[in-house]
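A.B. asks:
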Amino acid sequence: MDAIINYISVNQQEFYIFILAVFVGIEVISKVPTVLHTPLMSGSNALSGVVIVGSIIVLGKTDPANYLALTLGFLAVLLATLNVVGGFAVTNRMLEMFKKKPGKK
Numbered sequence: 005m006d007a008i009i010n011y012i013s014v015n016q017q018e019f020y021i022f023i024l025a026v027f028v029g030i031e032v033i034s035k036v037p038t039v040l041h042t043p044l045m046s047g048s049n050a051l052s053g054v055v056i057v058g059s060i061i062v063l064g065k066t067d068p069a070n071y072l073a074l075t076l077g078f079l080a081v082l083l084a085t086l087n088v089v090g091g092f093a094v095t096n097r098m099l100e101m102f103k104k105k106p107g108k109k
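Take the sequence shown: its letter number 26 is residue 30 in my numbering, and every next letter is one higher.
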């Protein structure tokens with residue numbers, strides 16, 4: 005427990021930046037109009053694809069005895085994959101809304 009408190013006190017400025025970035029990100033994302041949702045989702049899928057590739061590379065170079073790194077790497081691959089799959093599903097659903105229905109003019 006002392007090691008965690010010491011780590012936080014040493015890296016206090018980074019934690020403040022992270023918390024500020026979370027609040028700014030939430031504020032910016034909540035202001036995005038729905039028209040821009042599909043292009044932004046495509047960008048998010050691209051970034052998640054980069055995260056997947058990076059996570060796989062890091063997992064391949066991790067020491068097999070380092071269970072924490074293996075667990076975090078596996079979670080990174082899993083969550084980024086879920087984000088990509090969900091993003092494609094939502095993007096496909098949004099694009100289906102703009103297609104013309106058969107039989108309607």
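Built from N, CA and C at the ideal position, the CB exists for glycine as well.
Can you tell me which of 26, 13, 25, 49 puts its alpha carbon nearest to the alpha carbon of residue 86?
C.D. replies: In the sequence shown, the residue the question calls residue 86 occupies position 82. Measuring from the Cα of residue 86, the nearest candidate turns out to be 49.
A.B. asks: Under a three-way DSSP split, which group does residue 35 fall into?
C.D. replies: Here the question's residue 35 lines up with position 31 in the sequence shown. The answer is coil: DSSP assigns residue 35 none of H, G, I, E or B.
A.B. asks: Residue 24 and residue 36 - do their beta-carbons sit closer together than 8 angstroms?
C.D. replies: What you label residue 36 is simply residue 32 of the sequence shown in a count that begins at 1. What you label residue 24 is simply residue 20 of the sequence shown in a count that begins at 1. Not in contact: residue 36 and residue 24 (Cβ atoms no closer than 8 angstroms).
A.B. asks: What whole-angstrom Cβ distance do residue 77 and residue 59 have, given they're in contact under 8 angstroms?
C.D. replies: Here residue 77 refers to the residue found at position 73 when the sequence shown is read from its first residue. Here residue 59 refers to the residue found at position 55 when the sequence shown is read from its first residue. Contact holds; Cβ gap of about 5 angstroms.
A.B. asks: Below 8 angstroms CB to CB, which residues in the same chain sit around residue 74 once its five sequence neighbours on both sides are set aside?
C.D. replies: Taking the first residue of the sequence shown as 1, we reach residue 74 at position 70. Hits under 8 angstroms: 63, 66, 68.
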